[in-house]
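Asker: Before anything else, here's the structure in question.
Chains as they are written, first to last, in this note's numbering: chain A, 1043 to 1173; chain B, 1043 to 1173.
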């Protein structure tokens, strides 16, 4: 059994920050669960374009307020606590935080922890990271 | 993109209850994400023995207070908001809610939604459910 506390990990190098967001990696690929699990905080007023071409991701809103625009369909959905979106089609999207968002995120395949967002908003597939 | 709201789903048959817990299935196997994602609420004062012999599960505490005892090692860990446990060894365990617990749970392989807890605290593997 693995037991970890977000309140501890967010002060360590398991908390990865980029422009206006911080993702605390509670579970990564090497934990052997077959998925990774992150708590991601997005700064109030920030806007992010992501497209996980090589991953499925689900994102559950625990706190905050914002919206997501599906760039495939043009549809925008409000995000408030209790709303989950799942990128089952690797959907390219814009995520906006009106208030600071705190999200519980699952990735399949699991993130290894060494990925960086590329220009196109994606993470590289695992095989490229291994190179 | 799938968008669902816990506050709506918990009033539907996607909210499954058993003795002193309710699990609202935000994502199930047929969503094709490769994992399932549930919001599980455990009643204050309740105690549960589970052993997911055929699944990996991670559980993140969003609210409440309780503890988990690993029946393999005898160790007990406190559960408060921000604590996650991951059953990477299919660990048989007792989960206790001192206060009502609200947990974000990921299962791999994904739960289909038709499982029931068996006498031994497990869910059947997917192949048995298909019979």
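Backbone N, C-alpha and C fix where the C-beta goes; we use that ideal spot for every residue, glycine too. All values derive from a computational prediction rather than experimental measurement.
What separation, rounded to the nearest whole angstrom, lies between the Cα atoms of residue 1163 (chain B) and residue 1164 (chain A)?
Answerer: 39 Å
Asker: Hey, residue 1076 (chain A) and residue 1140 (chain A): beta-carbon distance below 9 Å or not?
Answerer: Contact: no.
Asker: Tell me whether residue 1051 (chain A) sits in a helix, a strand or coil according to DSSP, three-state version.
Answerer: helix
Asker: Considering only the alpha carbon of each residue, which of B:1121, B:1065 and B:1050 lies closest to residue 1079 (chain B)?
Answerer: B:1065
Asker: Let me see if you follow: with CB-CB separation under 9 Å, is residue 1074 (chain A) close to chain B or not?
Answerer: Interface annotation, residue 1074 (chain A): in contact with chain B, CB-CB separation under 9 Å.
Asker: Considering only residues of the same chain and omitting the five flanking positions on each side of residue 1072 (chain A), which have a CB-CB separation below 6 Å?
Answerer: none
Asker: From this set, A:1054, A:1069, A:1158 and A:1115, which residue's C-alpha is nearest residue 1129 (chain B)'s C-alpha?
Answerer: Selection A:1054, A:1069, A:1158 and A:1115 evaluated against residue 1129 (chain B) yields A:1069 as nearest (Cα-Cα).
Asker: Report yes or no: do the stretch 1130-1138 of chain B and the stretch 1084-1101 of chain A share at least 3 C-beta pairs separated by less than 8 Å?
Answerer: no
Asker: For residue 1068 (chain A), go through chain D and note every residue whose CB falls closer than 9 Å to its CB, in chain order.
Answerer: This model lacks chain D altogether; the protein chains it does include are A and B.
Asker: What number of angstroms, rounded off, separates the C-alpha of residue 1156 (chain A) from the C-alpha of residue 1082 (chain A)?
Answerer: 16 Å
Asker: Using a Cβ-Cβ cut-off of less than 8 Å, list which residues of the stretch 1044-1055 of chain B approach chain A; keep chain order.
Answerer: 1044, 1045, 1046, 1047, 1048 and 1049
Asker: Provide the residue(s) that pair with residue 1102 (chain A) in DSSP beta bridges, ordered along the chain.
Answerer: A:1126 and A:1146
Asker: What does DSSP give as the partner residue(s) for residue 1059 (chain A) in the beta ladder?
Answerer: A:1064
Asker: Got a sec: is the Cβ-Cβ distance from residue 1083 (chain B) to anything in chain A below 9 Å?
Answerer: no
Asker: Taking 8 Å as the threshold, find out whether the stretch 1143-1158 of chain B comes into contact with the stretch 1100-1108 of chain B through three or more Cβ pairs.
Answerer: Under the 8 Å Cβ criterion, the stretch 1143-1158 of chain B counts as touching the stretch 1100-1108 of chain B, having at least three qualifying pairs.
Asker: Between the beta-carbon of residue 1043 (chain B) and the beta-carbon of residue 1045 (chain A), is there less than 9 Å?
Answerer: no
Asker: On the premise that residue 1124 (chain B) lies in contact with residue 1049 (chain A), defined as a C-beta separation below 8 Å, what is that separation, rounded to the nearest angstrom?
Answerer: A Cβ-Cβ distance of about 5 Å is found for the pair residue 1049 (chain A) and residue 1124 (chain B), placing them in contact under the 8 Å criterion.
Asker: Spatial neighbours of residue 1122 (chain A) within its chain, please: CB distance less than 7 Å, with the 5 preceding and 5 following residues excluded, ordered by chain position.
Answerer: 1103 and 1107
Asker: Chain B beta carbons: is any one of them nearer than 9 Å to that of residue 1087 (chain A)?
Answerer: no
Asker: Does the ligand FMN have even one heavy atom less than 8 Å from the beta-carbon of residue 1128 (chain B)?
Answerer: Among the components modelled here there is no ligand, and therefore nothing to report on the ligand FMN.
Asker: Any residues in the stretch 1143-1167 of chain B with a beta carbon nearer than 7 Å to a beta carbon of chain A? Which ones, in chain order?
Answerer: Of all residues in the stretch 1143-1167 of chain B, only 1146, 1148 and 1150 come within less than 7 Å of chain A when Cβ atoms are compared, listed by chain position.
Asker: Kindly say whether residue 1077 (chain B), judged by its beta-carbon, lies nearer than 9 Å to any beta-carbon of chain A.
Answerer: Interface residue, yes.
Asker: Quick one: what's got a C-beta closer than 8 Å to residue 1110 (chain B)'s C-beta in the same chain, skipping five residues either side?
Answerer: 1118, 1119, 1121, 1127, 1135, 1136, 1137 and 1138
Asker: Is DSSP giving residue 1071 (chain A) helix, strand or coil here?
Answerer: helix
Asker: Residues in the same chain with beta-carbon distance under 6 Å from residue 1173 (chain A), minus the five sequence neighbours each way, listed in chain order, please.
Answerer: In this prediction, residue 1173 (chain A) has a pLDDT of 39, which is less than 50 and means its spatial position is unreliable; what the coordinates show is noted afterwards. If we look at residue 1173 (chain A) and ignore the five residues flanking it on each side, it has no Cβ neighbours.
Asker: Can you list the residues of chain A that residue 1060 (chain B) reaches, using a CB-CB cut of under 8 Å?
Answerer: Simply none; closest approach about 22 Å.
Asker: Residues of chain A with a CB under 7 Å from the CB of residue 1119 (chain B): which are they?
Answerer: 1045
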